[in-house]
Structure formats: structure tokens, C-alpha cells
């Protein structure tokens, strides 16, 4: 057997090598990259270990050790928590998605505790923490399609807790923290749906065409509706008490519907909007009416506002119809600030559509004018 020539790994020496069997591969090398980061915190380390044992099915099926490790996360130091925040959140979301009822509830409660602590570190102008915003926008990929999507499990667990609260059961102070972090959970649900939508049509979508809306399964949509209804009740009740949390939650629900208009069937979103308007029907207290106008302002700012549900004269534009109805009601309101807010919504929409490059044809302008002309006379008569 010949010895290997010096520097045999370099390209210049390969010409002097004698290959066995004309260079046929005699072995295969497979690399698996593993992180060298090692948590100093014993509680985080135990959680990672028990999570791996659970997912690899090397622990008993009841998961008591994992449950204990999840519950101990609330005692982890804040600095250590931030260092491993993203993998911890992803693991908890995996358990919420398909961990079994006991682990789902424990993981959800642990996640609420972690989010609340992180949120208290720092917030932006919209009262959102940058670490959490970046997690939703960049780090969360819903496990790349290798696991079931998170949104059904998350909606179910959250909705179960919300219904227990609505029925008068004691759910502890954790529920106020859930409401304060509702923006985060709602954005996670939207992101999970959007990723499933993209994966569903990725391979069979012709080039240049938009991704079609996704029809939520009946059971999943029912869970979303029940959760949404419970959150609306919280907004309605807390608005009467003048709590700032209610206004933040109201805006989060509005942006939730706004985002869903780009992902799921619009008529499913219209059911959520209809549920909102039923809860805030008629001319109500100033603070409630202000929430309703804010909700409509956000929803009707969607790029597809003019297109929904279609341009067929026999098919009315649902969002336009309810907007006109609510602005009519606002003119009967005693509060001048409410009337001014309604007028601003109308003016902004008219300006937006006037300069939208998609609606510059004469028939487009005529259609849009028909949406707003009934209101112009009402505004003039009210002055």
C-alpha cells in the first residue's frame, strides 16, 4: 500500500494520487450541525432535555418531567431567558400545537409568563417589545411545514381559557396578561395561517398570479370565532370602565381581521366583522363608539376594500355598506369629536382611492363614487 503524498488534500497534489477503483466512493460522509451554545441556567437546560426526550419519544407518554420543567421556566433569570428566548418560544409553541391537553395548557401559561416579563423590559411607541416583534416577523417559521401548523392548537387553548373566564370560572391573574399580549398571539395565528397558505399553493401556482385565499376548516374556524367573540366581550366590558387595555385589544382585533383579509376567504372575515358590529350595535357610549370607528378605520384601509366582495352590481360591497351605515349613525352622535373622526375616515378613503393607480379607469371611478355619494349629502346636511 502506497503512502499518501504530502499535502494530498490540496488541489495541486491531486494529480499525483492513485485512486482506488478509478476513484469510486468507498464511504459516505453525512454531517449534522449542532449548536455549541449551552445554557448555564439549570432550569433552561432541564427544559431542553425533557423537551428532546418528549419529542424523540424516549420519555414516558404522560410527560410529568416535562410538565415540571415547563412550570419551572417562570423562575428563570430574565437575562438567561432573553439569551434563549427564541428556541424556548418555538418549543413551547410546538407543545401548544400538538402536545396533548395538559402540556398545551402548561406551555401556554408558561409562554404568557415569559412574554409578560419580556414585554416589561422595553416597548416601542405601539407598546410592543422589539424581541417579540422580531420573533414573529423573522424567527417563527411554523417549523417549516415539518409539524402541523400552530394556529389550530393555539386558538383552541386560548379559546378554552377565554370561555372559562366568560363563564365565571377562576382563571387567575394570568388572563389579564393574556389580554395584554393578545397582539402577539393574534399575529402568531396570522403568520401560521399565512405560511400554511403559501405552502399549500407553492408548487402549483402559475408564475405571476397571486396566492388564492385559504378556506379555513369548519372546526378550526369555529374555534377562531369563539375566541374572537370572547375577546370582543372583554373589549366591550373594559371599554365601559375606561381601561386603556380595551383600546389596545380593540386595535389588535381590527388588525387581526385586516391581515386575515389577505389570507383566508373574505366571507369568513366578514363573519368576524359582523360579530363585532353585533356586539357594538347602534349609537352607544362615546368610548364604545370610538372603538367601533377605530375598528372600521383599520379594516376599511385594506387594499382590497373596493374589490370586496366583487364588482357585480347585484353583489353589494359588505365593508362599504357597514361603513356607510356606521358613519350615518355617527352624525346622530352628540360628541363632535366622533363626527369629526367619521369625516376623517371618509376623506382619507376617498383620497386613497382617487390616487390609487389601480382605479383610474372611468368605470372604476364611477363605482367608487357610488360607494361614497350617499354620505356626501349627509355630511353637508349635518353642518
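Residue numbers (the UniProt record's numbering): 1 to 383.
Every residue gets a Cβ at the ideal spot worked out from N, C-alpha and C, and that includes glycine.
(request) Pull up the distance between the alpha-carbon of residue 401 and that of residue 229, whole angstroms please. (result) Because the chain in this structure spans residues 1 to 383, residue 401 falls outside the shown range and cannot be described.
(request) Examine the Cβ distances between the region 211–221 and the region 272–286 and report whether three or more of them are shorter than 8 Å. (result) no
(request) Examine the Cβ distances between the region 184–198 and the region 234–245 and report whether three or more of them are shorter than 8 Å. (result) no
(request) Classify residue 70 as helix, strand or coil using the three-state DSSP reduction. (result) helix
(message) Taking the beta carbon of residue 273 as the centre, do at least 16 other beta carbons fall within 10 Å, making it buried, or is it exposed?
(response) buried
(request) Under 7 Å Cβ to Cβ from residue 129, same chain only, skipping five residues before and after it: list those, please. (result) 118, 119, 121, 122 and 123
(message) Cutting at 7 Å between CB atoms, please list the residues of its own chain near residue 306, excluding the five before and the five after it.
(response) 353, 359 and 368
(request) Quick one: give me the first and last residue of the alpha helix (DSSP H) that residue 216 is part of. (result) It is not in any alpha helix (DSSP H) - residue 216 carries neither H nor E in the DSSP assignment.
(request) Whole angstroms is fine: what's the gap from residue 51's alpha carbon to residue 66's? (result) 6 Å
(request) Could you tell me which residues DSSP pairs with residue 264 in its beta bridges? (result) 214
(message) Check this for me: beta carbons of residue 269 and residue 188, under 8 Å apart or not?
(response) no
(request) Could you pull out every residue in the same chain whose Cβ sits closer than 8 Å to the Cβ of residue 225, ignoring the five residues on either side in sequence? (result) 271, 272 and 275
(message) Following a CB-centred definition, is residue 66 positioned closer than 7 Å to any heavy atom of the ligand FAD?
(response) No copy of the ligand FAD occurs in the structure displayed, which carries no ligand at all.
(request) State buried or exposed for residue 192, treating a residue as buried only when at least 16 other CB atoms are found within 10 Å of its CB. (result) buried
(request) Can you tell me which of the three DSSP states residue 373 falls into? (result) helix
(request) Report the rounded CA-to-CA distance for residue 195 versus residue 319, giving the unit in angstroms. (result) 26 Å
(message) Given this structure, state the Cα-to-Cα distance separating residue 239 from residue 338, to the nearest angstrom.
(response) 16 Å
(request) Go ahead and label residue 390 buried or exposed: buried means 16 or more other beta carbons lie within 10 angstroms of its beta carbon, across all protein chains shown. (result) No answer is possible for residue 390: the residues shown for the chain start at 1 and end at 383.
(message) So for residue 91, helix, strand or coil by DSSP?
(response) helix
(message) 8 Å is my cut-off, CB to CB: does residue 215 come that close to chain B?
(response) Of the protein chains in the structure, only one exists, and it is not chain B.
(message) Tell me the DSSP secondary structure of residue 111 in three-state form.
(response) helix
(message) On a Cα-Cα basis, can you pick out the residue from 222, 176 and 264 that is closest to residue 198?
(response) 264
(message) Need the endpoints of the alpha helix (DSSP H) that residue 187 sits in, please.
(response) 182–201
(message) Suppose you measure from the CA of residue 190 to the CA of residue 47; what does that come to, to the nearest Å?
(response) 27 Å
(message) Can you tell me whether residue 151 is buried or exposed? The criterion is at least 16 other CB atoms within 10 Å of its CB, across all chains shown.
(response) buried
(message) Which residue marks the beginning of the alpha helix (DSSP H) containing residue 291, and which one marks its end?
(response) 286–299
(message) Is it buried or exposed, residue 345, if we count other Cβ atoms within 10 angstroms and call 16 or more buried?
(response) buried
(message) Am I right that residue 96 and residue 108 are in contact with their C-beta atoms under 8 Å? What's the rounded C-beta distance?
(response) 5 Å
(request) With DSSP as the reference, label residue 333 as helix, strand or coil. (result) coil
(request) Assuming residue 261 and residue 324 form a contact by the criterion Cβ under 8 Å, report the distance between their Cβ atoms to the nearest whole angstrom. (result) Not quite, the Cβ-Cβ distance comes to about 19 Å (not below 8 Å), so this is no contact.
(request) Could you check which residue in 204, 247, 207 and 103 has the C-alpha nearest to that of residue 127? (result) 247
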